[in-house]
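Novice: Structure below; questions to follow.
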Amino acid sequence: DGGRIVFEGTPADLVAARSTLTGEHLAAYVGT
């Protein structure tokens, strides 16, 4: 199994999507 797609959009969209753990951590990392 190669996994599953859990988000669709641009990297900026992912940073703005703070409802996801990845988005939350990326936002903290880039300082937004």
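Following our numbering, the residues of the sequence shown are numbered contiguously, the last one being 41.
We treat Cβ as the ideally placed atom computed from N, Cα and C, and that holds for glycine.
Treat the numbers as computed from the prediction; the structure is a model and nothing was measured.
Just to confirm, is the Cβ distance from Ala-36 to Arg-27 under 9 angstroms?
Specialist: Contact: yes.
Novice: With DSSP run on the structure shown, which of helix, strand or coil describes Glu-17?
Specialist: Coil, per DSSP.
Novice: Taking the beta carbon of Val-24 as the centre, do at least 16 other beta carbons fall within 10 Å, making it buried, or is it exposed?
Specialist: Answer is buried; the Cβ neighbour count reaches 16.
Novice: For Ala-25, which of helix, strand or coil comes out of DSSP?
Specialist: The answer is helix: DSSP assigns Ala-25 an H, G or I state.
Novice: Helix, strand or coil for Gly-12, going by three-state DSSP, please let me know.
Specialist: Note: Gly-12 maps to coil in three-state DSSP.
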